[in-house]
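Quick notes on the structure that follows.
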Amino acid sequence: MMRLAEELYPICRSITGAGLRQTLDIIGREVPLDRHEVPSGTRVLDWTVPDEWNLRRAFVEAPDGSRIADTAEHNLHVVSYSAPVDAVLSLDELRPRLHTLPEHPDWIPYRTTYYRRDWGFCLQHRRLQAMTAGRYRVLIDATLAPGALSYGEAVLRGSRADEVLVSVHCCHPSLANDNLSGIVVAVALAKELLGKPRAFTWRFLFIPGTIGAVTWLARNEEVLPRIRHGIVLAGVGSRHDLRWKRSRRGNAAIDRIMALSLRHSGEEAVVEDFVPYGYDERQYCSPGFDLPVGCLMRGKWGAYPEYHTSADDLGFIAPERLEGSLAVLRAAAEAIEHGEEVWKSLNPKGEPQLGARGLYSDAADDDRMALLWVLNLADGTHSLLDMAARAGMPFARIRAAALALAESGLLERLSAPGHPC
Amino acid sequence: MMRLAEELYPICRSITGAGLRQTLDIIGREVPLDRHEVPSGTRVLDWTVPDEWNLRRAFVEAPDGSRIADTAEHNLHVVSYSAPVDAVLSLDELRPRLHTLPEHPDWIPYRTTYYRRDWGFCLQHRRLQAMTAGRYRVLIDATLAPGALSYGEAVLRGSRADEVLVSVHCCHPSLANDNLSGIVVAVALAKELLGKPRAFTWRFLFIPGTIGAVTWLARNEEVLPRIRHGIVLAGVGSRHDLRWKRSRRGNAAIDRIMALSLRHSGEEAVVEDFVPYGYDERQYCSPGFDLPVGCLMRGKWGAYPEYHTSADDLGFIAPERLEGSLAVLRAAAEAIEHGEEVWKSLNPKGEPQLGARGLYSDAADDDRMALLWVLNLADGTHSLLDMAARAGMPFARIRAAALALAESGLLERLSAPGHPC
Amino acid sequence: MMRLAEELYPICRSITGAGLRQTLDIIGREVPLDRHEVPSGTRVLDWTVPDEWNLRRAFVEAPDGSRIADTAEHNLHVVSYSAPVDAVLSLDELRPRLHTLPEHPDWIPYRTTYYRRDWGFCLQHRRLQAMTAGRYRVLIDATLAPGALSYGEAVLRGSRADEVLVSVHCCHPSLANDNLSGIVVAVALAKELLGKPRAFTWRFLFIPGTIGAVTWLARNEEVLPRIRHGIVLAGVGSRHDLRWKRSRRGNAAIDRIMALSLRHSGEEAVVEDFVPYGYDERQYCSPGFDLPVGCLMRGKWGAYPEYHTSADDLGFIAPERLEGSLAVLRAAAEAIEHGEEVWKSLNPKGEPQLGARGLYSDAADDDRMALLWVLNLADGTHSLLDMAARAGMPFARIRAAALALAESGLLERLSAPGHPC
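Chains as they are written, first to last, in our numbering: chain A, 1016 to 1436; chain B, 1016 to 1436; chain C, 1016 to 1436.
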């Protein structure tokens, strides 16, 4: 996952344009990706697909010829979606166009002007302070013109028509946690799921933030009733604790599943209520859709100083953090795939003699308890997910117990839930 | 409010009589008041309106001619509802009739004998200790005879027949927090509401405690089904934290509204469950009525040492505490008046582009979040009160956001709730 | 209770055999006991009644003739249900058959081999360490042969057919807390109930653990629908806090009753959720039965070091702890017998004048509040148990208030609940 992040990091992405397409090319190398191009000007819900932005180069040159801000040095130096400009300005004229972070004088902020035609540069506050009066050349060699908005979809068909949506925004340039981390974890999860039988159809969206989600929603209304669970992945590689932001519904199955997976992740984790601010769950959870979609994060948007700055670089994410996020999703995927299963005890009166069946004596304490929990709750009204939640045990342990008991003839699975494809 | 409290403080009030009528006269000067006189002996529910008590003067004179306790000095010196007496007694005979507070030797306790014919005096324990053997003259120049129980009602008609009940007891002599504070805050709230359009009919009761509430209930059973919310105001001027005692129902709309108003009051506040002891909510919440009436207090009856003593004087209440209580009621009144309104998003799919409508960029962060919350919850199933509670925001901020969104054509109000007059 | 525990302590009990029968004989001396004998080989649910085990003597004799482990010294020295053996073995051969507690070198562990034919000895680790190479004589003079499983039932008929089940296991040899304490408290409770009129039929089971409960369930399926409340008593004499383990249902009436009784016990107490491990509630709460049965304990199985060791001796239990457990059960019994009663106020509108009826002035504060609570909640929808729970008061205080109010004509009892016999 780190290698993929390293490959993606230098690309100058935005909500449209060549950098986004190159990113999708690389993702498409890892997982089978359906690519979509939606023309500028297309009306999508309350929004309009904007002109396409492509940047070749942008810099500010000081009177002494030195470069104050240069996209050759860092993609963040230009305000994303800046209109083209080629001019010589006094410092006073230029100053309002320069964005810095006084409290972090060596960091470059990340700024955008997607929906208001404007331009500007972002730079280290220390550099701004060193600037002296004089004539500055500014160049933004970009095109902002009709084109298309690009996104990719990896649809992994399962035996059920019901779908699981995994959505990651991939519009940010050279920011590692936000959201190369989400991209690489989604890719890793998709690759794992590709190798297994699946009940659910898993749909991974690689889209630009907000406008991408809005565009996908506008074009896929017929898919929405099939979405049973949804996860937005955003900022899952940093040192922060894992964090599940519940769906708007608050009590969707995915909320129970993620809470359970986090509880047994071995990491500190937070579960918090939905708020209508954050990542693309805002769109999926708008009242006209109200999909069961929450957001898995580490740290919260805007709540850590590195957020939307050049300090969110490859050193800001860590392999073990990516792995931890993937592990939680792996556990959640098992609970999604099998959590609705209902298994019924064939010996519901009193405890069966487990010793006589060789199920008990060699088992670890936790596994013995899992056997007892499954037997006790296998009354036809508890799903495997209900059992895991009530037992306070990892889903995988409960499922393994159910399979072992079924092997011994003590349990049978009731008809599988879900709508066939 | 302090000026009105100062004017009312010296009056010798009881549950009947001239002091109570004079108090209602002064209240009637501030707000339009319907006055009622209910004859002694009238049967009201399980009670009987008692004889009317009027005191001219009461004192205890020491052998040396000095006055040990004299109502000319403080109204609390006589036990309220004392029968007339004019006698000379030895200290031993007198002693059982003298009530003091040994733990607060400079305070005078407040005692009553409404429903048992008796008499007595209240005085500073220090004075009692200084009393020496000898003959004491006691005079209680009072009448206890058939008359009437007086109370006042200020009914502010609204466009709905539904009513809000605000009830304050005004029977206590020279006690500032209990309950001049309740009277003056109720008067201030009524005056504010008089100047505004009202959906609800607001009914302010100025009544003697217990017997007044019982009397009003007995005479107004046809009003009760219209009471949608009710607040007893008692002891709202002292230094203590604000405190809402829930209605017997526990989950009435007024309980949600007061909890929300307290949460955003900027003060420390407590919300506690109903108990069948306290102020007149005891009567309103008796099982045969079970009205949605709770009690707003600062500090709890009997729980602060100044309670029912001469130390509950004008210095014991503070203008900013009265203002704080009024502010909470003002916020609650807005939530009562508009909390049931249901507004529906006209753009429920995805977020609307707020920036394009000029709604977003200039707004403060909290106001932006309020816009997002209202849009997100405006699905036709959430009232404005539901939205404020879920957003964890002051009701006024949510309502302002709804009005701004409606102005932009993003929201429409569904038909107003309630029964027209 | 201590005297009965002392009498029972020396008996060598197991899940079958003479020691168990002798124990039932002694219990039958205290309360009327129906005795049952179920032949070995009888199929009971998923289990089979095992052969009967009777031990005369067992010991290990060292080369020097000293006794390393001897049941004449302590019943725990032999593994319960050991097969007969009479042999001379080297220390190496014997060693795997010797069980000790290295962390408590002076205690003898308690081990069993009910369902696997085997034999062994338990001893102090210090003795094991002192053993030297040589030839050891081992004798287990026991019979393991077809016989019967014994149990006793004390059924105290009430006026209703509905039943309360009290179940104690009485199969453990010379362990005081586990479960002579349960036996003697159950006997004491049964003796108290014998002397009173009863609405419920109380059924006390004195049974061997697991197999006894399974056997009783298999033979009494027709009784099960009548069981309204159930309590397993296990380990109620030690120094630990009282602990109620909820029934599988979690919200059964007995769960509310025990929580209330513990709350007002004057002791520290814990209420915890059901888990499918522990005592015979495992069988009663298996999904095919799902009876409303929880478990009253002090300390938790396996959670204190003395559990299942010789340190669980008569000094490990205390008279005041047995009394405290009995007191909680006495309070629970009153709540069981009367908790469903519904009393209705005859004066529901406003508070009745308690002073006029002499009910108020002399009462203690708590009793006054109980009067107010009962009057307030006596609306025909609250049972006495509901009232006690909402008032946060002991059941007995609420019931006494109801009886006093009924005496004054303010309350009437609605028709009694339950099915007559």
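Just so you know, even glycine gets a beta-carbon here, dropped at the ideal spot from N, CA and C.
CB-CB under 6 Å to residue i, same chain, minus the five flanking residues each way: which ones, in chain order?
i         : result
LYS1260/C : GLU1287, GLY1309, CYS1310
PRO1188/B : CYS1027, ARG1028, ASN1090
VAL1181/A : ALA1201, PHE1219, ILE1246
ALA1203/B : MET1016, LEU1341
LEU1035/A : ARG1028, SER1165
Tell me which same chain residues have a C-beta within less than 8 Å of the C-beta of residue i, skipping the five on either side of it?
i         : result
PRO1435/A : Confidence at PRO1435/A is low in this model, with a pLDDT of 49, below 50, so its placement is unreliable and the value that follows should be read with caution. Excluding sequence neighbours, PRO1435/A sits near SER1174, ARG1175, ALA1176.
GLY1395/C : VAL1357, LYS1359, LEU1429
PRO1334/B : MET1016, MET1017
GLU1022/A : ILE1041
HIS1397/A : VAL1357, ARG1405
ASP1256/C : GLU1282, GLU1283, ALA1284, VAL1285, ARG1313, GLY1314
Within the same chain, show all residues whose beta-carbon is closer than 7 Å to that of residue i, passing over the 5 residues directly before and after it, in chain order.
i         : result
ALA1169/C : VAL1046, PRO1047, LEU1048, ALA1205, PHE1219
SER1325/A : HIS1089, LEU1091, TRP1122, ILE1123
PHE1331/B : ALA1191, ASN1192, SER1253, GLU1321
PRO1291/C : ARG1297
TYR1024/C : SER1189, ALA1191, LEU1195, LEU1329
Could you pull the DSSP bridge partners for residue i from this structure?
i         : result
TYR1130/B : DSSP, once it has assigned bridges, lists no residue as partnering TYR1130/B.
PRO1054/B : ALA1163/B
VAL1075/B : ALA1084/B, VAL1153/B
ALA1244/C : Here residue 1244/C turns out to be His, not Ala, going by the sequence shown. VAL1179/C, per the DSSP bridge assignment.
ASN1069/A : THR1158/A
ALA1378/B : Paired residue(s): none; ALA1378/B is not in a bridge.
LYS1359/B : ASP1394/B, GLU1427/B
ASP1049/C : GLU1168/C
HIS1184/C : ILE1222/C
VAL1290/C : The partner list for VAL1290/C (beta bridge, DSSP) is empty, contrary to what the question assumes.
VAL1059/C : TRP1062/C
Does the distance between the C-beta of residue i and the nearest non-hydrogen atom of the ligand SAM fall short of 7 Å?
i         : result
GLU1207/B : What this structure holds is no ligand at all, so the ligand SAM is not there to describe.
Using a cut-off of 8 Å between C-beta atoms, extract the partners of residue i located in chain F.
i         : result
ARG1263/B : In summary, chain F is missing from the structure at hand, where the protein chains are A, B and C.
Segment contact, 8 Å Cβ cut-off, at least three pairs: the region 1096-1113 of chain B with the region 1263-1274 of chain B: Here the region 1096-1113 of chain B does not lie against the region 1263-1274 of chain B, with fewer than 3 beta-carbon pairs under 8 Å apart.
What residues in the region 1347-1364 of chain C bring their beta carbon closer than 8 Å to a beta carbon of chain B? If the cut-off is 8 Å between Cβ atoms, the region 1347-1364 of chain C has SER1360, ASN1362, PRO1363, LYS1364 near chain B.
Between the region 1317-1332 of chain B and the region 1118-1133 of chain B, do at least 3 Cβ pairs fall closer than 8 Å? Touching, per the Cβ criterion.
Check whether the region 1236-1244 of chain A touches the region 1302-1309 of chain A, counting contact only when three or more Cβ pairs, one atom from each stretch, lie closer than 8 Å. Taking 8 Å as the limit for Cβ pairs, the verdict is that the region 1302-1309 of chain A does touch the region 1236-1244 of chain A.
Between the region 1285-1297 of chain C and chain A, which residues of the former have a C-beta closer than 8 Å to a C-beta of the latter? So the close ones are VAL1290, PRO1291, TYR1292, ARG1297.
Give a yes or no on contact between the region 1375-1382 of chain A and the region 1267-1279 of chain C, applying the rule of three or more CB pairs nearer than 8 Å. Under the Cβ criterion (8 Å, minimum of three pairs), the region 1375-1382 of chain A does not count as touching the region 1267-1279 of chain C.
Would the region 1298-1305 of chain C and the region 1384-1393 of chain A be scored as touching if the rule is three or more Cβ pairs under 8 Å? Taking a cut-off of 8 Å for Cβ pairs, the region 1298-1305 of chain C and the region 1384-1393 of chain A touch, as three or more such pairs fall below it.
Quick one: which residues of the region 1220-1234 of chain A get their C-beta closer than 7 Å to a C-beta of chain B? List them in chain order. Residues VAL1229, LEU1232.
For the region 1388-1399 of chain B, which residues have a CB atom closer than 8 Å to at least one CB atom of chain A, in sequence order? Along the region 1388-1399 of chain B, the positions whose C-beta sits under 8 Å from a C-beta of chain A are TRP1388, LEU1390, ASN1391, LEU1392, ALA1393, ASP1394, read in chain order.
Restricting to runs no shorter than 4 residues, where is the alpha helix (DSSP H) found entirely within the region 1306-1353 of chain B? DSSP runs (the alpha helix (DSSP H)) wholly in the region 1306-1353 of chain B: 1334-1353.
Residues of the region 1059-1071 of chain A with a CB closer than 7 Å to any CB of chain B: list them in chain order, please. If the cut-off is 7 Å between Cβ atoms, the region 1059-1071 of chain A has LEU1060, ASP1061, TRP1062 near chain B.
When you check each C-beta in the region 1237-1261 of chain A against every C-beta of chain B, which residues fall closer than 7 Å? Residues of the region 1237-1261 of chain A with a C-beta atom less than 7 Å from some C-beta of chain B do not occur.
Can you list, in chain order, the residues of the region 1302-1316 of chain B whose Cβ is nearer than 8 Å to any Cβ on chain C? Sequence-ordered contacts of the region 1302-1316 of chain B with chain C read PRO1302, GLY1303, PHE1304, ASP1305 [C-beta pairs closer than 8 Å].
So, does the region 1129-1146 of chain C touch the region 1104-1120 of chain C, judging by three or more C-beta pairs under 8 Å? Contact between the region 1129-1146 of chain C and the region 1104-1120 of chain C is present: three or more C-beta pairs spanning the two stretches fall below 8 Å.
Run through the region 1089-1144 of chain C for me and flag every whole beta strand (DSSP E) of 3 or more residues, listed as ranges in chain order. 1100-1105, all fully within the region 1089-1144 of chain C.
Inside the region 1220-1287 of chain B only - alpha helix (DSSP H) runs reaching at least 4 residues: Runs of the alpha helix (DSSP H) lying entirely within the region 1220-1287 of chain B and spanning at least 4 residues, in chain order: 1226-1234, 1268-1278.
Is the number of C-beta pairs between the region 1348-1357 of chain B and the region 1408-1428 of chain B that are closer than 8 Å three or more? Contact holds: three or more Cβ-Cβ distances are below 8 Å.
Please name the residues in the region 1110-1139 of chain A whose beta-carbon is closer than 9 Å to at least one beta-carbon of chain B, in chain order. Per Cβ criterion, the list reads TYR1130, ARG1131.
With a floor of 3 residues, list each beta strand (DSSP E) that falls wholly inside the region 1374-1421 of chain B, ordered by position along the chain. For secondary structure counted as the beta strand (DSSP E) over 3 or more consecutive residues, the region 1374-1421 of chain B holds these complete runs in sequence order: 1394-1398.
Do the region 1360-1373 of chain B and the region 1223-1239 of chain B make contact, defined as three or more Cβ pairs closer than 8 Å? In short, these stretches do not touch, since the Cβ pair count stays below three.
Is the region 1138-1157 of chain B in contact with the region 1049-1058 of chain B, if contact means three or more CB pairs nearer than 8 Å? Not touching, per the Cβ criterion.
How about the region 1158-1165 of chain B and the region 1210-1219 of chain B: do they share at least three Cβ pairs that are nearer than 8 Å? With a cut-off of 8 Å on Cβ pairs, the region 1158-1165 of chain B is not in contact with the region 1210-1219 of chain B, counting fewer than three such pairs.
Residues in the region 1269-1282 of chain A having any Cβ partner in chain C nearer than 7 Å: Look at the region 1269-1282 of chain A: it has no residue with a C-beta under 7 Å from a C-beta of chain C.
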